Every structure is written in C-alpha cells, then in structure tokens.
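The listed protein sequences correspond, in order, to chains Y and X. First residue of the first sequence: 1, per our numbering; consecutive thereafter. First residue of the second sequence: 114, per our numbering; consecutive thereafter. Ideal placement from N, C-alpha and C gives every residue a C-beta, glycine not left out. In this text, all values refer to a predicted model and were calculated from it rather than measured experimentally.
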Amino acid sequence: NAGVMQNPRHLVRRRGQEARLRCSPMKGHSHVYWYRQLPEEGLKFMVYLQKENIIDESGMPKERFSAEFPKEGPSILRIQQVVRGDSAAYFCASSSDPLKTQYFGPGTRLLVL
Amino acid sequence: GDSVTQMEGPVTLSEEAFLTINCTYTATGYPSLFWYVQYPGEGLQLLLKATKADDKGSNKGFEATYRKETTSFHLEKGSVQVSDSAVYFCALLPNTGNQFYFGTGTSLTVIP
C-alpha cells in the first residue's frame, strides 16, 4: 500500500514565478492536510481539504496561496508570485477520518531565488 | 488555544545512553498525542501515539505515557543507537480533529 506521495521533491523558482505542489493521499484516504516547515521550525498547519471541499484554511496566508483537492487527481497547493520568504518544506498528510492519525508525505522543498 | 511545548535541543548523547525529550501540552477536552520522527531530508514518520489518559505508546524501544494530570507526553528510550539520530516532534490532535499542533522539534545526535 503506497504511502502519501508528493512531487516534486525539490522545486526551485525565481521570485514572481508560480509554484505548484502536488500530493496524492494514501489509498482510501479522502482527507488531505498541508503543512509548512520553515527552516529550524516545527510544522505549521495551512489547510485541510476533503474531496472538492476546503474544510479549514485558517493557516493559509490570505494572498497568493490556494489549495484544491479535485474529485479526480492529486491535491494541489499553489503559490503565486513566490517570494524568498516562501522558501520552506511543504508537507502533505492524509487520513481516513479527521480524528484519525495523519500520515505524512516526504515533502516538497521549495527554494525561491 | 491548543499548543505543544517541547524541550529545545539540540541533544547529543553517547550510544546506549538514556533519552528523555520533554513535551507538555495545552488543550481543551481530550486530545490524542503523538511523537513523529524526521530523518534528514525526509518527511515525518509516526513513531508512537496515545489516544487517552494513562495510555502508553511504544515503538522501536521508544515509549511515552499520556499524563493528563501533568499535561505531558515525554518521550523516553533506555538505550539510544546512532541510527536514532533525527529530529523528534511532539504533536497534538484535538478531539475536534482537523489539524495537528506540533512542537518545534528536538534534534537528537547519537555519537558512537
């Protein structure tokens, strides 16, 4: 049973470009969470999605960031007009139920030049 | 609000030493508590968990007991190995679900 898949594992962007991060949850999981880990810090919650719906986006920056989890295909975290401060590791997690254990993907490490 | 406070690192130990990483939490209700481990360049792996007071989670020689009276979930291992070198995160999942709250992580280095 494959775990949570994320791609790309590493992404380099120049300031002002767009970054698209993909996450495929574990088989049978319909709940997806995105977290951001800044250098030398813990993980901070960004958004929680359940197929086609955003359930909780209280941790998402108000501008430039968006997330979706379409009926078919992976969840996408999109960052428009990236800035250097967006450089971080972005982790996706999935669960079968919001009260169950979340399983994490390997992360996408974004570097903005 | 809900939060996790974790012992700051870095921690350096000799092989076969005893490990304790302190973790305390603040939460309303009855959260579930977790320890995750992150090896260099990798994602988080679930190490152990406990879902109610007095539960003990254990895995790979690591243990942590959910203490509601002291709001703690300290991680312990009796004899660490070089391969245990990693960053350890304490985390809380409120009983209302949704998001995890993570501590800032404790970096452990075990030297031969």
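query, result
"Span of the beta strand (DSSP E) around LYS190 (chain X)", "188–190"
"Residue-chain proximity (GLN194 (chain X), chain Y), Cβ-Cβ < 9 Å", "no"
"Alpha-carbon spacing of PHE69 (chain Y) relative to LEU221 (chain X), whole angstroms", "36 Å"
"Meets three-Cβ-pair contact criterion under 8 Å: the stretch 51–67 of chain Y and the stretch 79–90 of chain Y", "yes"
"Contacts that ASP56 (chain Y) makes with chain X (C-beta to C-beta distance below 9 Å)", "ASN211 and GLN212"
"Same chain, Cβ closer than 6 Å to THR112 (chain X), neighbours up to 5 away in sequence not counted", "In this structure chain X extends from 114 to 225, so residue 112 (chain X) is not present and cannot be described."
"Alpha-carbon spacing of GLN235 (chain X) relative to LEU21 (chain Y), whole angstroms", "Residue 235 (chain X) falls outside the range modelled here, since chain X spans only 114 to 225, and no answer is possible."
"Among X:VAL223, X:PRO207, X:ASN211 and X:PHE215, nearest to THR141 (chain X) - alpha-carbon criterion", "X:PRO207"
"Ordered list of alpha helix (DSSP H) runs contained in the stretch 122–184 of chain X, each at least 4 residues", "none"
"Within-9 Å CB hit, ASN135 (chain X) to chain Y", "no"
"Beta-carbon contacts of ARG109 (chain Y) that lie in its chain and below 6 Å, excluding the five residues immediately before and after", "HIS10 and ALA89"
"Rounded Cβ spacing between VAL200 (chain X) and THR219 (chain X) (contact assumed at less than 8 Å)", "7 Å"
"PRO98 (chain Y) beta carbon less than 9 Å from that of CYS23 (chain Y)", "no"
"Reference LEU159 (chain X), options Y:ASP56, Y:SER94, Y:GLY85 and Y:LYS27, closest by Cα", "Y:SER94"
"Start and end residues, beta strand (DSSP E) containing ASN208 (chain X)", "Careful: ASN208 (chain X) lies outside any beta strand (DSSP E) and carries neither H nor E."
"Buried or exposed (CB count within 10 angstroms, at least 16 for buried), GLN194 (chain X)", "exposed"
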